[in-house]
Amino acid sequence: MHGARQIVSIHLAGDLLDLQHLFLNIADHSVQALTELEVADIDRDALREMALERPAVGQALWIDGLVDASIYREWVLNVGRRDARARIAHILCEIAVRMHAAGVIGAADFHLPMTQEQLGDATGMTSVHVNRTLKALAKDGLVDHSGRWIAIQDWNKIRREGDFNPLYLHLDQVAPHLPGPLSSMFP
């Protein structure tokens, strides 16, 4: 059915996928890889047992699930309460910060493997509207983009444009290795 897809999360290198399947037997959604990847298939009974036997593992799984829920809430807010510029700015900020935290990028330029249609499906916009919005952000000096390559030109401006506050990512819990504030991560 045309227009029926909604992207509700983006998983990056190192993310655990769908921890709800530890306890729920039926997948209520699909997952699609946009890049080459390696997947570790972990037996759910073994993972449940490990979480019970090793409290630190159980706590890590809880934290992962809670952070996923926090990100989901922010995405609902992004689609429901922000205008087009803010939606695109916000999702680009989130992706850049999460990629940096995962060690995938070292600066604010990155390959975004999503098409404009997929970016629209993640932000509740058409691909045409995404294209216009990216062009407007580029014209205003916030980003530079060529195909699927994104370079954030002014971190502070795009962060303000997208009403982006990374607290919902809980980086202190999931990436304690990161140095200092975001301004030191992205000049």
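Residue numbers for the sequence shown follow full-length UniProt numbering, so the first one is 1 and each next one is one higher.
Backbone N, C-alpha and C fix where the C-beta goes; we use that ideal spot for every residue, glycine too.
C-beta contact flag for residue i and residue j at 8 angstroms
| i | j | result |
| --- | --- | --- |
| Ala51 | Gly58 | yes |
| Leu137 | Arg73 | no |
| Leu19 | Gly65 | yes |
| Arg54 | Leu22 | no |
| residue 199 | Leu34 | There is no way to answer for residue 199, as the model of the chain reaches only from 1 to 187. |
| Asp144 | Gln153 | yes |
| Leu134 | Glu161 | no |
| Ile71 | Ser9 | yes |
| Gly14 | Ala102 | yes |
Environment of residue i [buried if 16+ CB atoms lie within 10 Å]
| i | result |
| --- | --- |
| Gln78 | As written in the sequence, residue 78 is Asn, which differs from the Gln given in the question. Counting Cβ neighbours within 10 Å, Asn78 comes out buried, since at least 16 surround it. |
| Gly120 | buried |
| Glu38 | exposed |
| His90 | buried |
| Ala122 | buried |
| Glu36 | exposed |
| Val128 | exposed |
| Ala96 | buried |
| Arg82 | buried |
| Trp75 | buried |
| Trp62 | exposed |
Close-in-space but distant-in-sequence residues of the same chain around residue i (CB under 7 angstroms, 5 per side omitted)
| i | result |
| --- | --- |
| Thr126 | Gly120 |
| His111 | Arg148, Trp149 |
| Gln6 | Asp121 |
| Ser17 | Position check: residue 17 holds Leu in this sequence, whereas Ser was assumed. The residues are His11, Val31. |
Same chain, Cβ closer than 8 angstroms to residue i, five either side skipped, listed in chain order
| i | result |
| --- | --- |
| Val67 | Leu169, His170, Gln173, Val174 |
| Ala27 | Asp18, His21 |
Close beta carbons around residue i, own chain, < 6 angstroms, minus the five adjacent residues each side
| i | result |
| --- | --- |
| Arg159 | Cys93 |
| Asp109 | Ala151 |
| Ile88 | Thr133 |
| Gln116 | Ser127, Val130, Asn131 |
| Ala4 | none |
Proximity test, Cβ basis, 8 angstroms: residue i and chain C
| i | result |
| --- | --- |
| His170 | Given the protein chain composition of this structure (a single chain), no chain C is represented. |
What residue ranges within the segment 17–84 form continuous alpha helix (DSSP H) runs of no fewer than 4 residues, ordered along the chain?
The segment 17–84 contains these whole alpha helix (DSSP H) runs: 44–53, 55–81.
Residue ranges of each alpha helix (DSSP H) run of no fewer than 4 residues wholly in the UniProt domain "HTH crp-type" (82–156), ordered along the chain?
Runs found: 84–101, 116–123, 127–139.
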